[in-house]
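Engineer: Under my numbering, think of the first position of the sequence shown as 32, with each following residue one higher.
The structure that follows is given in the form of structure tokens.
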Amino acid sequence: MSGSKARLEYKEELPVTYPFAMTRGEYLSLLNIDQPPTVVRGTGIICTIEFIRINVCVSENKLFIKQTKTIPVIQGGEVTYVKGQELKVTSDPYFKNQCSESLLFLDYPDLIHSVKCGSKIVIADGNFLLEVKEIIDNNNLLAVVLNDATIGSRKNCNLPGAVIALPAVSEKDKQDLLFGVKNKVDMVFASFIRKASDVAEVRNALGEEGKSIKVIAKIENYEGVVNIDEIITAADGIMVARGDMGMEMPAEKVFLAQKILITRCNRAGKPVICATQMLESMIKNPRPTRAEITDVGNAVVDGADCVMLSGETANGAYPIEAVAVMHKICRQAATVQFYKESFSEHLNKNYVTDATETTCIAAVAASFKALASAIIVLTTSGRTSWIMSKYRPQCPIIVITRNEQVARLCHLYRGLFPLVYSTPRIKTWHEDMFDRLEFAITYGKDMGFIKTGSSVVFVSGCQPGTNSTNTVQIIQVDEKPISGIRYNTNFCLI
32 MSGSKARLEY
42 KEELPVTYPF
52 AMTRGEYLSL
62 LNIDQPPTVV
72 RGTGIICTIE
82 FIRINVCVSE
92 NKLFIKQTKT
102 IPVIQGGEVT
112 YVKGQELKVT
122 SDPYFKNQCS
132 ESLLFLDYPD
142 LIHSVKCGSK
152 IVIADGNFLL
162 EVKEIIDNNN
172 LLAVVLNDAT
182 IGSRKNCNLP
192 GAVIALPAVS
202 EKDKQDLLFG
212 VKNKVDMVFA
222 SFIRKASDVA
232 EVRNALGEEG
242 KSIKVIAKIE
252 NYEGVVNIDE
262 IITAADGIMV
272 ARGDMGMEMP
282 AEKVFLAQKI
292 LITRCNRAGK
302 PVICATQMLE
312 SMIKNPRPTR
322 AEITDVGNAV
332 VDGADCVMLS
342 GETANGAYPI
352 EAVAVMHKIC
362 RQAATVQFYK
372 ESFSEHLNKN
382 YVTDATETTC
392 IAAVAASFKA
402 LASAIIVLTT
412 SGRTSWIMSK
422 YRPQCPIIVI
432 TRNEQVARLC
442 HLYRGLFPLV
452 YSTPRIKTWH
462 EDMFDRLEFA
472 ITYGKDMGFI
482 KTGSSVVFVS
492 GCQPGTNSTN
502 TVQIIQVDEK
512 PISGIRYNTN
522 FCLI
């Protein structure tokens, strides 16, 4: 985002925040049904449509943000199966094009070693269920059909509870990733990540030329949830992919996995995306169910940095309405969060020795004490703003950068509003710094969350060439230009 005039239609009265509440319970007890939503939406919305997010399992190489996919698929024509019938399932490639009412081919060589008698085989997003009755030999098994279904070719398949022996990056994935590198994508969503070494394989496939591309690990099965700590360390972010997850583990465990993954990411300061069936009914209907509204709101309250729409925008009848509804839910849900609690938990977690992170902590603490309207961050690499998001200030964080990729990546993080400052550096370092500050304040005023008389927290370096962020200033905003702004507090952390 590079302008300061965007999204003016969302200006509303400032919400009541009850800054003096001491506990989460006290804060929630003060809320009422007329609580206005936040002025701006801090949670990102990711939409699955061409040239924004592409699923390359079902699309050609047209992409901007890209998902890599490794999953067993069924080959063959459309066949109807009846509940209770017995069905031979084979992984023998000889039968690849010979599927029938009595034979099903599954393109997964290690199938027989991944299941046992009583194991479930979940096909086509759970629309076709099988139970293993007998292991015949190294390529074949006998299964019982658990429901009536008509199945076509190339359907996804899950083996709940099984440890899958597929490579993290297939040959097709490598080609897709290199295509992404060539076309300068910002990030890739890597599917079925089960351990840290899977993330390393994706990075190796991206190569030296793609080292700036962020890798978002999609967690879709039991193994990925169990190994989440090492995956978070290896990846740049996490997606809670609830669709396949709901077939890989008991359905009632999905909400627990969501809580675990989001909380672990929040504590590590890594962005986390909550995805799949969030507003599923809006594929066909203009309004979501009340349960879906609550689901989106709870994901925001859980701490998700982004929420994602899949079929709702990819092939739904009401894509614009789905985005608009999700936008409103995110803004309203943000008023329920007790940000002081999140901040305190981070402070109590560990001892911080990094100067930039210490500066960010000071800035967020100051924003609570001063009831700041915004935190303004000047950054080159984006790191300062990403750390700032981790500490969850209640006010928006305006990020000023000259790097367009950094600005785009900021949208992954909760509460960041990135602006590309394209004016060349023709003035002194200090003059350029204050010009960027004025640019940010003007944007905040246009958006409606910075008012004359309010305070903002300004975070930057204290001198040119230091390549570090170590200065926090609390600024009183008035009608005068930047030279007339009054500085209440100015301190530098060395």
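Don't be surprised by glycine CBs; every beta carbon is placed ideally from N, CA and C.
Tell me the rounded alpha-carbon separation between Tyr112 and Phe159.
Structural biologist: Reading the sequence shown from its first residue, position 81 is the one you call residue 112. Reading the sequence shown from its first residue, position 128 is the one you call residue 159. Distance between the alpha carbons of Tyr112 and Phe159 is about 9 Å.
Engineer: Can you confirm whether the region 259 to 266 touches the region 282 to 295 when touching is taken to mean that 3 or more C-beta pairs between the two stretches lie within less than 8 Å?
Structural biologist: yes
Engineer: Could you say if the region 375 to 392 and the region 342 to 355 meet the contact criterion of at least three C-beta pairs nearer than 8 Å?
Structural biologist: no
Engineer: Could you please give the first and the last residue of the uninterrupted alpha helix (DSSP H) stretch that includes Phe374?
Structural biologist: The residue labelled residue 374 in the question sits at position 343 within the sequence shown. Element bounds for Phe374: 370 to 380.
Engineer: Which residues in the same chain have their Cβ closer than 6 Å to the Cβ of Lys359, if we skip the five residues on either side of it in sequence?
Structural biologist: Position 328 of the sequence shown holds residue 359. Cβ neighbours of Lys359 beyond the five flanking positions: none.
Engineer: Within this structure, are the beta carbons of Leu190 and Ser150 separated by less than 8 Å?
Structural biologist: If you number the sequence shown from 1, residue 190 lands on position 159. If you number the sequence shown from 1, residue 150 lands on position 119. Closer than 8 Å, so yes.
Engineer: Alpha carbon to alpha carbon, how far is Thr473 from Val256?
Structural biologist: In the sequence shown, the residue the question calls residue 473 occupies position 442. In the sequence shown, the residue the question calls residue 256 occupies position 225. Distance between the alpha carbons of Thr473 and Val256: 44 Å.
Engineer: Which of helix, strand or coil does DSSP assign to Val508?
Structural biologist: Your numbering for residue 508 matches position 477 in the sequence shown. Coil at Val508, not helix or strand.
Engineer: According to DSSP, simplified to helix, strand and coil, what is Tyr58?
Structural biologist: As a working mapping, residue 58 is identified with position 27 in the sequence shown. Residue state, collapsed to three classes: helix.
Engineer: Can you tell me the Cα-Cα spacing of Val503 and Arg414, whole angstroms?
Structural biologist: Stepping through the sequence shown from its first residue, residue 503 is reached at position 472. Stepping through the sequence shown from its first residue, residue 414 is reached at position 383. Computed Cα separation, rounded: 16 Å.
Engineer: Any C-beta of chain B sitting closer than 8 Å to the C-beta of Gln129?
Structural biologist: No chain B appears in this structure, which consists of one protein chain only.
Engineer: Any idea what DSSP makes of Cys426, helix, strand or coil?
Structural biologist: Sequence index remark: in the sequence shown, residue 426 carries index 395 (1-based). Note: Cys426 maps to coil in three-state DSSP.
Engineer: Give the C-beta separation of Ile244 and Val219 to the nearest angstrom, bearing in mind that I take them to be a contact with Cβ-Cβ under 8 Å.
Structural biologist: Against the sequence shown, residue 244 aligns to sequence position 213. Against the sequence shown, residue 219 aligns to sequence position 188. Between Val219 and Ile244 the Cβ distance is about 6 Å, and since that is below 8 Å, they are a contact.
Engineer: In terms of DSSP beta bridges, what is Lys249 paired with?
Structural biologist: Your numbering for residue 249 matches position 218 in the sequence shown. Per DSSP, Met270.
Engineer: So the candidates are Gly56, Val163, Met339; which of them puts its Cα closest to the Cα of Ile269?
Structural biologist: Here residue 269 is taken as the residue at index 238 of the sequence shown, counted from 1. Ranking Gly56, Val163, Met339 by Cα distance to Ile269 puts Met339 first.
Engineer: Taking the alpha carbon of Arg433 as the point to measure from, which residue in Ser373, Gln129, Tyr452 has its own alpha carbon closest?
Structural biologist: Here residue 433 refers to the residue found at position 402 of the sequence shown. Nearest option by C-alpha distance: Tyr452.
Engineer: Could you tell me the distance, in whole angstroms, from the CA atom of Lys482 to the CA atom of Pro427?
Structural biologist: Residue mapping note: residue 482 aligns to position 451 of the sequence shown, counting from 1. Residue mapping note: residue 427 aligns to position 396 of the sequence shown, counting from 1. Looking at the two C-alpha atoms, the distance is approximately 13 Å.
Engineer: For Trp460, count the other beta carbons within 10 Å of its own beta carbon; 16 or more makes it buried, fewer makes it exposed. Which is it?
Structural biologist: Reading the sequence shown from its first residue, position 429 is the one you call residue 460. Counting Cβ neighbours within 10 Å, Trp460 comes out exposed, since fewer than 16 surround it.
Engineer: Mapping the DSSP letters down to three states, classify Met309 as helix, strand or coil.
Structural biologist: Walking along the sequence shown from the start, residue 309 turns up at place 278. Met309 falls in the coil class under three-state DSSP.
Engineer: Measure the C-alpha to C-alpha separation of Ser145 and Ser373 and round it to an integer number of angstroms.
Structural biologist: Numbered from its first residue, the sequence shown carries residue 145 at position 114. Numbered from its first residue, the sequence shown carries residue 373 at position 342. One C-alpha to the other measures close to 41 Å.
Engineer: When burial is assigned at 16 or more other CB atoms within 10 Å of the CB, is Asp179 buried or exposed?
Structural biologist: By 1-based counting over the sequence shown, the position of residue 179 is 148. Exposed, by the Cβ-count rule.
Engineer: Out of Asn187, Asp141, Pro68, which has the shortest C-alpha to C-alpha gap to Thr121?
Structural biologist: Here residue 121 corresponds to residue number 90 of the sequence shown, with the count starting at 1. Cα-wise, what sits closest to Thr121 is Asp141.
Engineer: Please go through the region 431 to 500 and give each complete alpha helix (DSSP H) segment of 4 or more residues, from N-terminal end onward.
Structural biologist: 435 to 441, 460 to 478
Engineer: Please classify Ile506 as buried or exposed, where buried requires at least 16 other C-beta atoms within 10 Å of its C-beta.
Structural biologist: Translated into the one-based positions of the sequence shown, residue 506 becomes position 475. By the neighbour-count rule (16 or more Cβ atoms within 10 Å), Ile506 is buried.
Engineer: Only counting the same chain, and skipping five residues up and downstream in sequence, which positions put a Cβ closer than 6 Å to that of Gly342?
Structural biologist: Translated into positions along the sequence shown, residue 342 becomes position 311. Closer than 6 Å at Cβ, skipping near neighbours: Ile314.
Engineer: Per DSSP, Met218 is paired with what?
Structural biologist: Along the sequence shown, one-based indexing puts residue 218 at 187. Met218 pairs with Lys245.
Engineer: Take Val163 and list the residues in its own chain whose beta-carbon comes closer than 6 Å to its own, dropping the five residues that flank it on each side.
Structural biologist: Numbered from 1 along the sequence shown, position 132 holds the residue referred to as residue 163. Excluding residues within five positions, the ones whose Cβ falls inside 6 Å are Val146, Cys148, Ser150, Leu172, Ala174.
Engineer: By the DSSP assignment, the alpha helix (DSSP H) with Ile154 in it spans what residues?
Structural biologist: Here residue 154 refers to the residue found at position 123 when the sequence shown is read from its first residue. Note, Ile154: premise wrong, no alpha helix (DSSP H); beta strand (DSSP E) at 151 to 154.
Engineer: Grouping DSSP H, G and I as helix and E and B as strand, with all else coil, what is Val383?
Structural biologist: For this step, residue 383 is matched to residue 352 along the sequence shown. DSSP places Val383 in coil when its eight states are reduced to three.
Engineer: In angstroms, rounded to a whole number, what distance separates the CA positions of Ala236 and Met309?
Structural biologist: Within the sequence shown, the letter at position 205 stands for residue 236. Within the sequence shown, the letter at position 278 stands for residue 309. Taking the straight line joining both Cα atoms gives about 32 Å.
Engineer: Can you round the beta-carbon distance between Ala345 and Thr79 to whole angstroms, since I take them to be within the 8 Å contact cut?
Structural biologist: Within the sequence shown, residue 345 is the residue found at index 314, counting from 1. Within the sequence shown, residue 79 is the residue found at index 48, counting from 1. Right, the Cβ-Cβ distance comes to about 4 Å (below 8 Å), so this counts as a contact.
Engineer: Can you grab the Cα-Cα spacing for the pair Asn63 / Val230, in whole Å?
Structural biologist: On the sequence shown, residue 63 is found 32 positions in, with the first residue counted as 1. On the sequence shown, residue 230 is found 199 positions in, with the first residue counted as 1. Between Asn63 and Val230, the C-alpha separation is close to 45 Å.
Engineer: Is it right to say Lys93 is buried, meaning 16 or more other beta carbons lie within 10 angstroms of its own, or is it exposed?
Structural biologist: The residue labelled residue 93 in the question sits at position 62 within the sequence shown. Legend: pLDDT at Lys93 = 46, less than 50; position of this residue unreliable, value from coordinates given subsequently. Counting Cβ neighbours within 10 Å, Lys93 comes out exposed, since fewer than 16 surround it.
Engineer: From which residue to which residue does the alpha helix (DSSP H) around Phe223 run?
Structural biologist: Taking the first residue of the sequence shown as position 1, residue 223 is located at position 192. For Phe223, no alpha helix (DSSP H) run applies, since DSSP gives it neither H nor E.
Engineer: Take the Cβ of Ile167 as the centre, count every other Cβ of all protein chains shown within 10 Å, and call the residue buried at 16 or more, exposed below.
Structural biologist: Indexing the sequence shown from 1 puts residue 167 at position 136. Classification of Ile167: exposed, given that the 10 Å Cβ count is below 16.
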